[in-house]
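K.L.:
Protein chains in written order, with the working numbering: chain A, -9 to 465; chain B, 84 to 548.
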Ligand SMILES: [Zn+2]
């Protein structure tokens, strides 16, 4: 439900995890399966005397994102120091663009609560470095000690900040899904990696102060936390308790938000320009980066409708994830594009969702084979679904599965033979049919299916039995 | 061939160990002797092949403790070399040890060191200047033929002046700062302290040049040594009126005027110039330096390296205790003042204003050194010679005032050298020669011409044994 009194704005931290190296040093970004503190160097550990050097590729990626979000790109990059003490921050300051964002004033379209396209404004996009990660021995409030892993420290982050244009938890989720989709299209981001996206949500009821819910990593989590928070703020209002400006933490296990600090405790981060970095003129980069921007989801969706002559709903479903869109295009080149759209958007995606799997689990070649068998009538639609499920669950290839499971649609001769035999066998049913009981034909068709062990197409069998009976009657 | 490198290095360590100066706080004797033996076995080539050099304790050396003369970093041994150290090693130099300094380079006297003050070889009761006092004293007393220092507001030139040697602060961006433990990033440079201008040019040739690890470093052609002997004929010297008069020791002033006359004799001409914003330089300098320092020094919490006290408490208590015990009073003063200056509500009144003053000062220098104006400026390095240990340490403001002729140069980012130009009651006096951005060549050739025509650099302090 779109809720008129709900105001939501998001601050999304996006890790540019498709870069090869971190934002200010040469450390590799592929730390996700590595032991703690193995992807570090003197620079990202902030050892005395080390200096940051901006990864130009990271700036290019940031420009790519800002352009895709329709932001205006600033003429030069400028970095600030945000000073605060925390064990995961080895320099005791974070280098961030904060007050001088690279991109300003963008917008993207999402599907709103009413089903219509809705424009969500982007306030700004800025770059900053990721801190390390604390690992607590036990729960955060009871741990005897904590450990720090600096592998993540210095990863390039983008902060994408929206205007308070979202009106429901569902819209917030739609925005996040769309943002992730765009980022993956831009090839700057892999949303499947741990910690790839972290979201701070600002939520208030009209006329009330806002609460900021910090650091949720799943889109579903954001949706749930916001739903809880709306209920909480409404009930507080009913009880006459005013919402104060505060920061809250979402407890995923209990499904509730709890307060961390109120405004009075807000930090003074003592921002000042980072003296170790010189401004970088990026105005000249923009035309090239813009020219190299890949096709984005909305454009791809329109092109699919035109080029492949498929339904808009199918096109939307196929383009909602770059991997699926690429998969579809590979298949559509070698099979009927319309048939491919139906089978990928309606069947394959559903089977994948059910298994919580991504499209990487299925080979486009196998899809082409399956579509080919459907088109040539070698397998039934039911059989095709069975082939897809079997491959997803047990592996193998379409031809092998058809063979092993005996899913090949019976040859016409065999079906004709079965029809003849069934008509002979079921004299009573034949008589009933001829005396006007049309339903009696189902019994005969059932016999045909039984004799062909299900390989006959039921519709086809029905037609042939009818033909046999009507023909015989006429003779 | 003369004595082996091993013998020379061993003799140097003998001298250092007999010394009463406290010029070093870490010696890398084993590494140095091993390297000298390697050199004797198969001598390598390089601009500084086999030459021992002392390194200020705030420059990172792999495997050699780099403590910035602070308790909080005692025992910290970096896993990496500063770019200047890599370059020295590539050219064959041998690192002797790390020299004493004011804690985190915050001082003008080397008295704020956790390891006690360094003494001036010309008078053991006096300070060597600071903050690179250990480097200057070591070179002046023959405990190292050359040293590296760092200069944030005069920290190379002041001790060079007080110890009667040559000290060069290069143009901001000429020498990589990668590996220099930051005090005030936007002001400081690493530079040489040596007995002669020629040695300074040699060391500069080795350490200068672009470094991809320092975004503020510039690409320059170098070639300082080869440009030394061009003399001063045709150069115009500017004499800034604000650098003479009140507050300047008359003997210092006399020596500097004598030096100007000498340079005139050698073919230069001179004229008076004005740097009208000089009076705001100290305030702007200290606000900028302390603000940057408050951020730079926040990382020292004992968590990853450095001081650790007994049993750990919770994070906030533990790091607060470590910082309380690990920093000396001058460092705490500057961190607190810098934190204040950057705070919400004060940032515009202090930090931003200081940056504006800095721009005005830079413009002063650009005007005075513009084409058609002066090629170089000459001034006293310090308003007075070395003072007594303990004389000013309780009065921070009077110590800050001592930097009045050196800090404007850092604010402007221009190069400046201090060369010996006389004595006042047996204590050395320094002449400061200031050049245009990246015009170290003119600075060095004027210094060399002056040095060739005067005997002051040959004087030997009495503490040299
Ligand atoms: Zn690193």
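We treat Cβ as the ideally placed atom computed from N, Cα and C, and that holds for glycine.
Output the residue ranges of the beta strand (DSSP E) runs that lie fully inside the region 174 to 224 of chain B and measure 3 residues or longer, sorted by chain position.
P.N.:
Runs found: 177 to 182.
K.L.:
Unbroken beta strand (DSSP E) runs of length 3 or more, entirely within the region 218 to 292 of chain B: which are they?
P.N.:
229 to 234, 249 to 252 and 272 to 277
K.L.:
For residue 69 of chain A, which three-state DSSP category applies?
P.N.:
It is coil, neither helix nor strand.
K.L.:
Step through the CB atoms of chain B and report whether any lies within less than 7 Å of the CB of residue 262 of chain A.
P.N.:
With 7 Å as the cut-off, residue 262 of chain A counts as an interface residue toward chain B.
K.L.:
For ligand 1, list every residue whose C-beta falls under 6 Å from any of its heavy atoms, going in chain order.
P.N.:
Listed along the chain, these residues meet the criterion: A/12, A/15, A/17, A/30, A/31, A/33, A/34 and A/144.
K.L.:
Looking at chain B, which residues of the region 80 to 106 of chain A have a Cβ within less than 9 Å of any of its Cβ atoms?
P.N.:
80, 81, 82 and 83
K.L.:
Enumerate, from N- to C-terminal direction, the unbroken alpha helix (DSSP H) stretches of 4 or more residues contained entirely within the region 174 to 231 of chain A.
P.N.:
209 to 228
K.L.:
Spell out the partners DSSP gives residue 106 of chain A in its beta bridges.
P.N.:
In DSSP, residue 106 of chain A forms no bridge with anything.
K.L.:
Where do the ends of the alpha helix (DSSP H) carrying residue 404 of chain B lie?
P.N.:
Start and end: 398 to 409.
K.L.:
Tell me where the beta strand (DSSP E) around residue 511 of chain B begins and ends.
P.N.:
Counting along the chain, the beta strand (DSSP E) containing residue 511 of chain B begins and ends at 510 to 517.
K.L.:
Do you know offhand how far residue 219 of chain B's Cα is from residue 239 of chain B's?
P.N.:
8 Å
K.L.:
Compare the beta carbon distance of residue 498 of chain B and residue 540 of chain B with 7 Å and say whether it is the shorter of the two.
P.N.:
Annotated as distal: residue 498 of chain B and residue 540 of chain B, with beta-carbon spacing of 7 Å or more.
K.L.:
Identify every run of the alpha helix (DSSP H) within the region 402 to 447 of chain A, keeping only runs that are complete inside it and at least 4 residues long; order them along the chain.
P.N.:
List check, alpha helix (DSSP H) in window: 402 to 415, 417 to 424 and 430 to 441.
K.L.:
What separation, rounded to the nearest whole angstrom, lies between the Cα atoms of residue 323 of chain A and residue 365 of chain A?
P.N.:
15 Å
K.L.:
Give the straight-line distance between the Cα atoms of residue 478 of chain B and residue 262 of chain A, rounded to the nearest whole angstrom.
P.N.:
30 Å
K.L.:
Assess, as a yes-or-no matter, whether the region 166 to 175 of chain A is touched by the region 66 to 79 of chain A under the definition of 3 or more beta carbon pairs within less than 8 Å.
P.N.:
no
K.L.:
Rounded to whole angstroms, what is the Cα-Cα separation between residue 379 of chain A and residue 341 of chain A?
P.N.:
7 Å
K.L.:
Residue range of the beta strand (DSSP E) that residue 251 of chain A falls in?
P.N.:
Element bounds for residue 251 of chain A: 246 to 252.
K.L.:
So residue 398 of chain B contacts chain A; which residues on that side make the cut at Cβ distance below 9 Å?
P.N.:
75, 76, 77 and 136
K.L.:
I want to see whether chain B comes within less than 7 Å of residue 10 of chain A, judged by CB atoms only; does it?
P.N.:
At a cut-off of 7 Å between beta carbons, residue 10 of chain A makes no contact with chain B.
K.L.:
From the beta carbon of residue 268 of chain B, is the nearest beta carbon of chain A less than 7 Å away?
P.N.:
Residue contact check for residue 268 of chain B against chain A: a CB pair falls below 7 Å.
K.L.:
State the start and end residues of the unbroken alpha helix (DSSP H) segment that holds residue 101 of chain A.
P.N.:
Taken as a continuous stretch (DSSP letters only), residue 101 of chain A belongs to no alpha helix (DSSP H), being part of the beta strand (DSSP E) at 93 to 101.
K.L.:
For a minimum of 4 consecutive residues, which ranges assigned as the alpha helix (DSSP H) are wholly contained in the region 469 to 500 of chain B?
P.N.:
The qualifying runs are 479 to 484 and 490 to 495.
K.L.:
Who are the Cβ neighbours of residue 35 of chain A in its own chain at under 8 Å, not counting the five residues just before and after it?
P.N.:
Cβ neighbours of residue 35 of chain A beyond the five flanking positions: 80, 140 and 143.
K.L.:
Listed in chain order, which residues of the region 40 to 72 of chain A have Cβ atoms closer than 8 Å to some Cβ of chain B?
P.N.:
Cβ contacts with chain B come from 40, 41, 42, 43, 44 and 71.
K.L.:
Please give the ranges of any alpha helix (DSSP H) in the region 279 to 359 of chain B, keeping only runs that are unbroken, at least 4 residues long and fully inside the region.
P.N.:
280 to 290 and 333 to 348
K.L.:
Look up residue 108 of chain B in the DSSP assignment and say whether it is helix, strand or coil.
P.N.:
Strand, per DSSP.
K.L.:
What residues from the region 404 to 418 of chain B come within 9 Å of chain A, judged by C-beta to C-beta, listed N to C?
P.N.:
none
K.L.:
How big is the Cα-Cα spacing for residue 327 of chain A and residue 190 of chain A?
P.N.:
Their backbone Cα atoms lie some 41 Å apart in a straight line.
K.L.:
With a threshold of 16 other CB atoms inside 10 Å of the CB of residue 0 of chain A, please say whether the residue is buried or exposed.
P.N.:
buried
K.L.:
Looking at the secondary structure, which residues open and close the beta strand (DSSP E) in which residue 135 of chain A lies?
P.N.:
Counting along the chain, residue 135 of chain A falls outside any beta strand (DSSP E), and DSSP gives it neither H nor E.
K.L.:
Determine the chain A residues that contact residue 161 of chain B at a beta-carbon separation under 9 Å, and present them in chain order.
P.N.:
32, 37, 38 and 39
K.L.:
For the alpha helix (DSSP H) containing residue 280 of chain A, name the first residue and the last one.
P.N.:
If you look at residue 280 of chain A, you'll find it in the alpha helix (DSSP H) that goes 276 to 281.
K.L.:
To the nearest angstrom, how far is the alpha carbon of residue 392 of chain B from that of residue 136 of chain A?
P.N.:
18 Å
K.L.:
Who are the near neighbours of residue 88 of chain B in its chain, counting only those whose CB is closer than 6 Å to its CB and skipping five residues on each side?
P.N.:
For residue 88 of chain B, the CB contacts under 6 Å within the same chain, skipping 5 residues up- and downstream, are 119, 122, 123 and 133 in chain order.
K.L.:
Answer yes if the region 161 to 174 of chain B comes into contact with the region 248 to 263 of chain B, meaning at least three C-beta pairs across the two stretches below 8 Å, and no otherwise.
P.N.:
yes
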